[in-house]
Structures are given as C-alpha cells and as structure tokens.
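Peer 1: Just so we're aligned, residue 194 is where the sequence shown starts under this note's numbering, counting upward by one.
Cβ coordinates follow ideal geometry from the N, Cα and C atoms, glycine included.
Bear in mind that the values here come from a model prediction, so they are computed numbers and not experimental data.
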Amino acid sequence: MPTISSAMDSYYSAKVLRNARETTKDTEIYKALAHRLQADHSYDDLVKLLEENTPLRDTKTPQLYLKSLRETKAIDTTRPQTVQVMKDALQKLQTTKAISPQDSVQHQLLIDARTGTLDGLSNNLTSITDQPLRDDLRRVLDYYQKQKDVPTYYRDALMAMVLAQHEYFSLAENLQILAYSAFSKSKRDVADEYFKQLIIRDEDQTDFYHFLQGIVAYQKGKYDDAVLLFNQVKDPYYIADISRYLILAYDRLGEYDRRDSFFASLLQYKLEPSDYYTYFYLTLFRPFQQGKREDGTPPKLNLKTMQDYVSSCVQSLKEEAYVICQYGAAGGLFVSGRLEQASKALFSIYEKYPLGYIARAIGDYYMSQDAKAEAMSYYYRAFRDASSPLEQSVVQQKMRKIGQEAKK
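#1: Let me confirm a value: L477 is counted as buried when at least 16 other C-beta atoms fall within 10 Å, else exposed. Which label applies?
#2: Whole angstroms is fine: what's the gap from I432's alpha carbon to V426's?
#3: Suppose you measure from the CA of E512 to the CA of C518; what does that come to, to the nearest Å?
#4: Taking contact to mean at least 3 C-beta pairs separated by less than 8 Å, is the region 495-506 in contact with the region 568-579?
#5: So S580 is in the alpha helix (DSSP H); what residue range does that whole segment cover?
#6: Please name the residue, chosen from Y411, A535, E598, that lies closest to D563 on a Cα-to-Cα basis.
#7: Work out the CA separation of G524 and E544 for me, nearest whole Å.
#8: Over the uninterrupted alpha helix (DSSP H) stretch that includes P480, give me the two end residues.
#9: Sorted by chain position, which residues of the same chain lie with C-beta nearer than 7 Å to A552's C-beta, five sequence neighbours on each side aside?
#10: Suppose the cutoff is 8 Å on Cβ atoms and the five residues either side in sequence are ignored; what does the same chain contact list for Y411 look like?
#11: Cutting at 6 Å between CB atoms, please list the residues of its own chain near R452, excluding the five before and the five after it.
#12: Identify, in the order they occur along the chain, each residue of the same chain with its Cβ nearer than 6 Å to the Cβ of L526, setting aside the five sequence neighbours on each side.
#13: Can you tell me the Cβ-Cβ gap for A457 and T498, rounded? I've got them flagged as a contact below 8 Å.
#14: What's the gap between the Cα of K463 and the Cα of A227?
#15: Report all residues from its chain with a CB closer than 7 Å to the CB of L532; omit the five preceding and five following residues, and keep chain order.
#16: Starting from Y462, trace the alpha helix (DSSP H) in both directions and tell me its first and last residue.
#17: If you count every other CB in all the chains shown that lies within 10 Å of the CB of S586, and 16 or more means buried, which is it?
#18: Do F401 and I435 have their CB atoms nearer than 9 Å?
#19: Anyone know if the C-beta pair for E584 and Y550 falls short of 9 Å?
#20: Classify R229 as buried or exposed, calling it buried when 16 or more other Cβ atoms lie within 10 Å of its own Cβ.
#21: Rounded to whole angstroms, what is the Cα-Cα separation between M194 and K224?
#22: Where in the region 537-572 do unbroken runs of the alpha helix (DSSP H), each at least 4 residues long, occur, reported from the N-terminal end onward?
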C-alpha cells in the first residue's frame with residue numbers, strides 16, 4: 194500500500210494512487226495522491242481532489258490547497274471573479290485558523306504577485322519569510338520602479354518568472370511572454386531556457402516549444418541539436434515549417450540525401466516562392482557556383498524531384514515571382530548540359546539579378562559557342578560580382594585558360 198513518503202517514488206503514479214484511494218478512505222492515500230499531483234504540476238486535478246474532501250483539505254493540506262488554487266488554469270488574472278475565489282479561500286482558512294496569520298499574509302502577498310497588485314506587495318514584502326523569494330521579488334519591484342516604460346504585461350511576466358523559479362508556478366502564458374520577447378530579440382540562450390521551463394509547465398503545447406527550441410538551436414549553429422528537437426514534434430500543423438528547417442539543417446551538416454528527401458516531401462504542401470528558390474539554388478546552382486560541377490547532370494540529383502519542382506512552380510507562381518520558375522528551368526537545362534536551351538532564360542535572369550554565378554554560366558554558354566570575347570566579358574562580370582574568394586578562383590581559372598589559348 195502506498196504511503197505519503199513512498200508516493201513520491203516515481204513507481205507510484207497518480208493513476209495507481211487514485212485506484213488505491215477508491216478502495217480505501219485512508220488519509221495517507223489522500224495526502225499521497227495530493228502530493229503526487231503537486232509533483233506532476235497537475236494543479237487542476239489537485240484542486241478537484243482537495244475540494245472533494247473539505248474537512249481533510251482544511252486540516253491536512255490547507256497550504257497545498259492555497260498553492261494549487263494560485264496555479265490552476267481556472268484562475269484568470271484578467272477576470273476579478275476568479276481571483277476572488279483565491280481570496281475567499283484564504284479568508285475562510287484564516288477564519289477557521291487552518292493557517293496562521295503569518296501564513297495568511299504571505300499567501301495574500303503571493304496572490305498580489307500573481308495578479309500584479311504591486312502596491313500591496315511592495316508595502317508588505319518584508320512579511321514574506323522565504324528570503325530568496327523576497328529578494329528576487331524586491332529586484333523585480335525595483336526594476337519596475339526604475340523603468341517606468343516597461344509594459345505591464347512584461348512586468349507581470351517577470352513576476353511570474355520569479356514565482357516559477359521558487360516553485361510558485363504561474364500560468365504558462367506569462368512565461369510565454371518572456372520566452373517570445375527573448376526569442377524576438379535574438380536572445381537565444383535566454384529564450385531556450387524559457388522554452389525548457391514551458392515544456393515542463395505547459396505540456397499541452399510541448400510540440401510548439403520543441404519547434405521554437407529547434408529554431409533557436411538552428412540559429413545558434415547547433416544543427417545536430419536542431420534536428421533532434423524538430424524530430425520530436427509530431428503535430429501535423431508544424432510539419433511543413435519543420436521540413437523547411439530540416440532541409441537547411443541537413444544541408445549545413447552535409448547530409449544531402451536526407452536534405453533532398455525533405456525537399457521531396459515538402460512538395461505535398463503549399464509552397465512559398467522561397468521554397469522553390471531554395472531548392473533550385475541548393476541543388477542546381479550552388480554546386481556550380483562553388484566549382485564542384487562543370488558539366489553534366491549533378492551527382493545524385495533526383496531528376497523527378499527537379500521536374501516536379503519546376504512544374505509546381507510554373508503552376509503556382511505568377512507575375513514578379515515567376516522569374517524563380519525561369520531560374521529553376523534554366524538551372525535544370527544548364528546542369529544537364531543543354532546550355533543553348535538554358536541561355537535565353539539565363540540572359541533574362543541576369544538582367545534582373547546580376548549574380549556572379551549566372552554571369553559565369555552565360556560565359557560557359559559563349560565558350561560552348563567558341564565566342565571567347567563574349568565569354569571573357571561575362572567571366573569578368575562573374576569575377577566582379579562573385580560572392581566569395583572560392584567563386585573568384587573558379588572564374589580566374591577560366592579567364593586564365595582563355596588567355597593561355599590566345600597566346601598559342
């Protein structure tokens with residue numbers, strides 16, 4: 194039979210303790226289940242349990258009841274009537290002397306902190322006996338008083354964070370404010386810590402927090418960690434965006450087969466112009482840009498996937514974005530060695546976007562026509578507009594070759 198001490202052993206889950214409680218009215222089982230639910234942060238279930246047995250609640254677990262009320266999702270700090278539930282419970286327990294006057298003051302201050310009632314909190318802060326908590330609350334109050342332009346929602350989130358750090362968990366929405374604020378300001382380490390806490394405190398949105406953690410890891414250059422985090426997300430709502438990040442992460446890791454499998458799977462979703470451009474650039478033009486492929490079909494290029502991307506692009510994109518489809522079609526022709534067919538689109542693209550590697554591709558077309566002067570002209574542009582020393586060195590070799598042949 195579980196006891197209050199053994200209940201904290203992970204062997205005894207809330208389900209086991211509930212079953213035990215149904216067969217016995219043992220007070221120890223009641224207390225064990227209450228503490229198990231507290232350890233699991235299941236505050237809504239805990240409030241329900243405690244309200245089922247008022248005498249036991251008021252004599253055995255009054256402190257736990259007040260804490261669970263503060264943390265339950267039923268309490269909405271924007272709705273005074275729900276906040277009053279906490280205050281009424283506190284008043285009743287004080288009247289029946291279930292808690293001491295000192296404890297009553299401390300609980301009232303925690304309610305003030307929870308609801309952002311800073312005047313009462315500031316005036317009675319010394320009544321909090323938990324010194325580390327008192328010191329941290331004082332820091333938040335001092336910060337707010339010095340920075341009057343701090344938005345109320347952000348101040349409340351800071352207060353919620355202090356309470357959470359001291360095991361007084363507030364609603365996850367307040368932590369979310371801090372997390373999103375840090376995330377939007379690219380404070381990646383800070384955001385990551387908040388998301389880790391949210392995963393514990395807001396289990397219903399675990400997939401969302403893993404998704405955001407994956408983005409943070411990717412932004413920090415921790416691509417292996419990003420892959421692991423993204424792969425933990427099961428909610429179909431995020432799969433398309435996760436596929437986009439996995440494409441980029443696997444590309445950075447040099448795992449091109451896995452990258453390309455996600456490119457293929459992404460086709461089942463509604464694609465953005467950036468999706469088409471990313472595919473065409475990474476699989477068709479970048480190897481050429483880096484001098485890794487000069488002619489012929491690129492190794493391991495899935496021709497069906499390439500054709501599907503070009504076809505989907507033509508059907509989906511219109512007007513200004515249509516140049517991306519021309520870019521892809523030209524890339525497909527170019528890497529397949531059909532330079533003359535690709536040349537018309539390459540000229541059109543270069544007029545709008547004078548990229549160095551496009552100029553080099555046009556130079557290669559002219560070389561295939563033995564028009565060396567025209568080729569040299571575009572190689573010069575390619576060298577001028579190159580995005581890296583590596584790209585410049587590839588162009589230099591081509592220009593040097595023309596020069597050497599001219600001397601013969």
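Peer 2: To lay it out plainly:
#1: buried
#2: 8 Å
#3: 11 Å
#4: no
#5: No alpha helix (DSSP H) holds S580; DSSP gives it neither H nor E.
#6: E598
#7: 16 Å
#8: 479-482
#9: Y543, Y571, R574, A575, D578
#10: A419, Y438, L441, A442
#11: I440, Y443, D444
#12: Q534, A535
#13: 5 Å
#14: 48 Å
#15: D557, Y558, S561
#16: Element bounds for Y462: n/a, residue is neither H nor E.
#17: exposed
#18: no
#19: yes
#20: buried
#21: Here the model assigns M194 a pLDDT of 42, short of 50, so the residue's position is not dependable and the matter cannot be decided.
#22: 549-561
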